[in-house]
Amino acid sequence: MAQQTLRPTRSVCRTDTTTTIRAAGGRSGANTGTSSTPCSVSTSSCLLVYIIYKQVVHAAPHVDLFPTENREDMLSPSTDKLTEVLEEANKLFKDVRRAREAALDAQLLVVATDLGKEKASQLFSEGSAFDPTAFAEHLLSFMGLNRLEDGDGGPQNAGAADGYLPRDAWHRLSRRVECCFRTAPSFHYMMGSFHAEPPAPKQRTERQRKAPTKEAKRIMPTQLKKMEESHQEATEKEVERILGYLKTYHQDDPTSPISYYEFVVDPNSFARTVENIFHTSFLIRDGLARMYLDSDKLPCIAPVEEGDVEAASSSSRKQCIISISPKIWKELIDTFEIKDSIIQPPEPHNE
Amino acid sequence: MTQRKRSFGSQSFSQNRRQPSSSGTQEDNEDSTFTQPSTSQVQRGLEKLTPAQVDQKTSEVIQYFLVKDQKKVPVRRADLVKHVVKDYRNIYPEIIKRAARTFEQVFGLKLVEIDPKNHTYILINNLEAADKPSPVECPANPKLGLLFVILGVTFMKGGVVRENVIWNTLKKLRVDSGEKHEEFGDVKRLVTEEFVRQRYLEYVRIPHTEPMEHEFRWGQRADMEVSKAKILEFMGQLHEQEPQIGRCWL
């Protein structure tokens with residue numbers, strides 16, 4: 001049979017607990033007699049024992065042997081109901097023959113000892129006069145409860161019994177009781193909290209990579225703008241300058257045609273020659289100059305008169321592509337015996 | 001054992017730590033992979049490593065503890081071995097010993113094994129708490145006050161108290177477990193889960209009760225950290241404030 005030994009309690013109560021111990025002791029005494037004898041008594045008496053067991057513990061058909069109402073009765077210090085139950089069960093145990101009844105008895109004993117322990121601890125606590133209510137009252141005073149005498153607290157104090165707690169009430173209490181605790185102070189990194197390794201470096205590298213590209217992009221447009229402007233300005237200026245040269249040259253001798261090659265070729269620099277061709281093409285595009293072939297089938301250039309500009313734009317335009325290489329450039333110089341350039345090279349200012 | 005005399009007896013924390021590894025299985029599932037190495041194994045392990053490596057590993061363990069202690073949740077040995085110690089597990093006792101010494105000498109903290117069965121550690125303050133509140137105005141955690149109330153009542157009731165007693169006491173202090181408190185939020189969760197996880201309280205079910213009821217006890221951390229004498233002292237002061245309610249309760 002399963003015997004539940006009573007766990008030692010702190011109490012010095014003797015009434016119910018010693019009864020329980022005696023009952024447990026009594027069990028072992030009775031046990032030796034009924035170890036494994038087959039049931040020889042008639043079925044009706046076994047059934048009777050079973051029914052009485054159930055009645056004694058007021059058991060419902062399921063396991064709960066001590067429903068709550070009876071529990072409070074058992075636990076109340078004024079009654080000896082627990083003792084009575086145990087004594088009744090003790091008596092009944094003599095008639096137990098079947099395993100089922102013995103199991104029930106064991107169950108009863110388990111529950112009874114738990115109850116006994118609780119009852120014992122209850123007795124102990126009631127021996128000390130510690131009243132949690134009074135304690136709570138003292139704490140409230142300490143925390144700075146404002147007790148209002150006249151009850152003119154207003155609508156916000158409808159829920160409070162009397163008075164209201166200041167906002168730092170609990171802080172005040174915590175500060176006072178800090179000394180009771182030997183808590184280790186929390187350790188925090190000054191620069192921030194601690195994360196596991198993987199996320200941090202990735203973020204850092206991403207941000208680093210993003211930053212330079214953004215800056216580079218930001219720099220780029222301004223640079224480009226500047227370049228384009230200067231480029232455009234330079235081109236326009238150049239074109240105007242060349243137009244000036246052309247007009248001057250033409251005015252010197254309006255009748256004789258200006259050879260194109262003599263006009264653009266710079267005997268000192270091939271690059272200048274190419275630039276001159278480039279700028280001259282703008283003049284022709286804008287209709288400020290025109291090219292034509294003379295009797296020798298050599299290209300000539302002449303400025304367009306002011307009045308003829310509109311007429312020229314309406315007439316059919318022809319396109320051609322001019323290519324030049326250093327070899328051709330040299331040949332041109334030799335053939336036409338160009339000594340100086342008509343178009344003076346520009347001063348190096350914003351280059 | 002060997003010629004070199006090394007004191008592996010760890011006096012700073014509980015005695016039953018040094019168990020030579022004979023059987024393999026431990027209590028927890030994760031812990032079952034880790035067996036406490038024997039003294040000779042530790043010595044052999046130490047010989048293979050440079051002092052700098054051992055110091056480095058000890059520092060990592062210390063940092064792990066310090067950061068985990070922010071939440072006041074105990075550190076399990078299994079986690080420590082899995083995340084920090086890793087390959088150095090064969091010299092685990094030596095690492096712990098050095099870490100405990102560093103905590104004492106450098107930080108003024110004590111590394112305590114509160115659960116010898118499950119091998120969990122906490123850090124507590126090794127220095128004696130000042131008699132009066134510190135003159136520095138540092139903000140106190142209000143949860144400490146709440147915890148104090150519960151521990152105080154539990155202590156005065158003999159170390160075990162039914163949860164109803166606590167809830168009623170708190171209700172008198174305008175802390176209702178059913179409602180959201182403006183300072184503490186969900187009080188029930190704070191008390192029954194957070195404080196229990198931090199091992200300040202134990203919240204155990206009372207058997208054979210329908211509906212289910214629980215009782216509160218002091219937790220393992222509270223046993224180490226909280227001074228019962230100081231609690232009594234404060235209670236005495238409280239009662240002195242209102243001498244007309246003369247209850248003799250010691």
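Line order of the protein sequences matches chains H and P.
First residue of the first sequence? That's 1 in UniProt numbering, and the numbers climb one at a time after it.
First residue of the second sequence? That's 1 in UniProt numbering, and the numbers climb one at a time after it.
For every residue, glycine included, the Cβ atom is placed at its ideal position computed from N, Cα and C.
Remember, it's a predicted structure, so these values are computed and weren't measured experimentally.
With leucine 298 (chain H) as the anchor, note down where its alpha helix (DSSP H) starts and where it stops.
Run containing leucine 298 (chain H): none; DSSP gives neither H nor E here.
Excluding sequence positions up to five away, which residues of its chain have a Cβ less than 7 Å from the Cβ of tyrosine 260 (chain H)?
Taken in chain order, the residues that qualify are Met291, Pro299, Cys300, Ile301.
Just list the residues that DSSP pairs valine 165 (chain P) with in beta bridges.
Under the DSSP definition of a beta bridge, valine 165 (chain P) lacks any partner.
So glycine 152 (chain P) and isoleucine 231 (chain P) are in contact, right, with Cβ under 8 Å, and what is the actual spacing, rounded?
5 Å
Per DSSP, what kind of secondary structure is threonine 222 (chain P) in: helix, strand or coil?
The sequence shown places alanine at residue 222 (chain P), not threonine. It is helical.
Using beta-carbon positions only, say whether glutamate 213 (chain P) and glutamate 163 (chain P) come within less than 9 Å of one another.
Going by C-beta atoms, glutamate 213 (chain P) is nearer than 9 Å to glutamate 163 (chain P).
Unbroken beta strand (DSSP E) run spanning aspartate 176 (chain P), endpoints
Segment: none, aspartate 176 (chain P) is in no beta strand (DSSP E) and carries neither H nor E.
In terms of residues, what are the limits of the beta strand (DSSP E) holding tyrosine 121 (chain P)?
120–125
In or out: serine 121 (chain H) buried (at least 16 other Cβ within 10 Å) or exposed?
By the neighbour-count criterion, in which 16 or more other beta carbons inside 10 Å mark a residue as buried, serine 121 (chain H) falls on the buried side.
By the criterion of Cβ-Cβ separation under 7 Å, what are the contact partners of aspartate 114 (chain H) in chain P?
Pro207, His208
Which residues of chain H have a Cβ atom closer than 7 Å to the Cβ of glycine 145 (chain P), listed in chain order?
Trp170, Leu173, Ser174, Val177
Hey, does proline 166 (chain H) have any beta-carbon neighbour from chain P nearer than 9 Å?
Answer no: the Cβ-Cβ gap between proline 166 (chain H) and chain P never drops below 9 Å.
I need the boundaries of the alpha helix (DSSP H) containing leucine 151 (chain P), first residue and last residue.
142–156
Does arginine 290 (chain H) come out as helix, strand or coil in the three-state DSSP assignment?
strand
To the nearest whole angstrom, what separates the beta carbons of leucine 145 (chain H) and leucine 173 (chain H), a pair I think is in contact under 8 Å?
Not confirmed; about 11 Å, so no contact.
Could you work out which residues of chain H lie near isoleucine 114 (chain P), taking near to mean beta carbons separated by less than 8 Å?
Ordered by position in chain H, no residue passes the 8 Å Cβ test against isoleucine 114 (chain P), which lies about 13 Å from the chain.
Quick one: Cα of phenylalanine 65 (chain P) to Cα of alanine 140 (chain P), how far?
If I take the Cα positions, the gap works out to 23 Å.
Tell me the rounded alpha-carbon separation between valine 175 (chain P) and lysine 117 (chain H).
31 Å
Distance CB(arginine 101 (chain P))-CB(valine 54 (chain P)) smaller than 9 Å
Result no, Cβ atoms of arginine 101 (chain P) and valine 54 (chain P) do not sit closer than 9 Å.
Cβ neighbours of lysine 339 (chain H) in the same chain (closer than 6 Å, five flanking residues each side left out)
Listed in chain order, the non-local C-beta contacts of lysine 339 (chain H) below 6 Å within the same chain number zero, local neighbours out to five positions each way being set aside.
Presumed contact (8 Å Cβ cut-off) between glutamate 215 (chain P) and valine 160 (chain P), rounded CB distance
5 Å
Kindly list, in the order they appear in chain H, the residues whose Cβ is closer than 8 Å to that of proline 139 (chain P).
His171
I think alanine 229 (chain P) touches leucine 201 (chain P), with their Cβ atoms under 8 Å apart; what is that distance to the nearest whole Å?
In fact, because the Cβ distance is near 20 Å, the residues do not count as touching under 8 Å.
So is arginine 175 (chain H) buried or exposed if we call it buried at 16+ other beta carbons inside 10 Å?
buried
Within 9 Å, strictly: CB atoms of proline 142 (chain P) and phenylalanine 184 (chain P)
yes
What residues from chain P crowd round leucine 82 (chain H), counting only those whose CB sits closer than 8 Å?
Going along chain P, no residue has its Cβ under 8 Å from leucine 82 (chain H), so there is no contact; the nearest lies around 13 Å.
Between threonine 169 (chain P) and arginine 217 (chain P), which are expected to be in contact by the criterion C-beta below 8 Å, what is the C-beta distance as a whole number of angstroms?
No, threonine 169 (chain P) and arginine 217 (chain P) are not in contact; Cβ-Cβ is about 16 Å, not under 8 Å.
So with CB distances below 7 Å, who are the chain H contacts of leucine 66 (chain P)?
Phe187
Which residues, in chain order, does the region 150–164 of chain P contribute to contact with chain H at a C-beta distance below 7 Å?
Val153, Met156, Lys157, Gly158, Val160
Distance cutoff 9 Å, beta carbons only. Does leucine 201 (chain P) sit that close to anything in chain H?
no
Supposed close pair methionine 156 (chain P), phenylalanine 130 (chain H) - CB separation, criterion 8 Å:
4 Å
Within 10 Å of its beta-carbon, does arginine 205 (chain P) have 16 or more other beta-carbons around it, so buried, or fewer, so exposed?
exposed
Would a C-beta distance cut-off of 9 Å place residue 280 (chain P) and leucine 123 (chain P) closer than the cut-off?
Nothing can be reported for residue 280 (chain P): it is not among the residues displayed for chain P, which extend from 1 to 250.
Is DSSP giving aspartate 114 (chain H) helix, strand or coil here?
helix
8 Å Cβ shell around tyrosine 249 (chain H) - same chain, five flanking residues per side excluded:
Ile258, Phe263, Ile342
State the start and end residues of the unbroken beta strand (DSSP E) segment that holds alanine 113 (chain P).
The sequence given here has glutamate at residue 113 (chain P), not alanine. For glutamate 113 (chain P), the enclosing beta strand (DSSP E) covers residues 109–115.
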